[in-house]
Ligand code: PGA
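Residue numbers (our numbering): 3 to 262.
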């Protein structure tokens, strides 16, 4: 059984001091740690150190970053590397988010290099893919997802692929309050798993987690997790409030109780 993964992508929100206050409160409000659900917070780089300190060494909440560069060190002004994130206690890194692709011109070849660098340093990449509204409307969703996966994952061994999580994030659902329906998400997840199976093998595809992201809220998380195709969620807006993130975490634990 795949462990459910709930990731809060804070984007460019919260100063380090705001982050400390937030995480202190969040820690008290989360459900008891569960072997079936993993929780991750991905604050901005500037808050990683202070969030790590508040969480402490044996916290069930893991730390993630929102991006990184593929080189280890050198003359790359403004960039942050995998060893730097690892040293700060990060376990996950979100790569290829649509905001990075759209606002910062990231393309599949650089995303692929970042995934490779993350895996080399034992960071777990969360590869984001998803179609625009125009692409959905003209019926090319499957084609777009297939192309993004093939370009970002070409050349990886099956073993490397098992370290990668894919997040299906339809661009039209991000920050719009208009989530994909469970049926739309399940259909996209099936396509993604089929492509993963043909890129690696059905057994590898079966081990890989596919998250849904795009206007996930305490109201729709339960429905999304009724499908065993949806292995968790990447959450933006709703992770910025203790109440809603804690409610989503509780719903995830209830959706996948131990032994089911
Ligand atoms: P949202 O963002 O939950 O605010 O739609 C999701 C994301 O960008 O990962």
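Glycine included, each C-beta is placed from N, C-alpha and C at the ideal position.
Residue i beta carbon near the ligand PGA (any heavy atom closer than 7 Å)
i	result
residue 98	no
residue 216	yes
residue 11	yes
residue 234	no
residue 175	yes
residue 237	yes
residue 207	no
residue 2	Not covered by the structure: residue 2. The range shown for the chain is 3 to 262.
residue 108	no
residue 171	yes
residue 44	no
residue 240	yes
Simplified DSSP state of residue i, which is helix, strand or coil
i	result
residue 154	helix
residue 205	helix
residue 57	helix
residue 64	strand
residue 262	Bear in mind that a pLDDT of 45 at residue 262, under 50, signals an unreliable position, so the model cannot answer this.
residue 212	strand
residue 232	coil
residue 36	strand
residue 159	coil
residue 255	helix
residue 91	coil
residue 227	coil
residue 77	coil
Anticipated Cβ contact below 8 Å, residue i with residue j, distance rounded
i	j	result
residue 238	residue 177	6 Å
residue 263	residue 257	A question about residue 263 goes unanswered here, because the residues of the chain that appear run from 3 up to 262.
residue 167	residue 131	With a Cβ gap of about 11 Å, residue 167 and residue 131 do not count as contacting.
residue 123	residue 85	6 Å
Counterpart residues of residue i in DSSP-defined beta bridges
i	result
residue 179	Residue 179 pairs with nothing; no bridge assigned.
residue 188	DSSP output for residue 188 lists no bridge partner at all.
residue 169	130 and 213
residue 71	83
residue 15	None, per the DSSP bridge assignment.
residue 42	9 and 64
residue 237	10
residue 97	129
Discussion item. For a minimum of 4 consecutive residues, which ranges assigned as the alpha helix (DSSP H) are wholly contained in the stretch 101 to 140?
Written reply: 110 to 122 and 135 to 139
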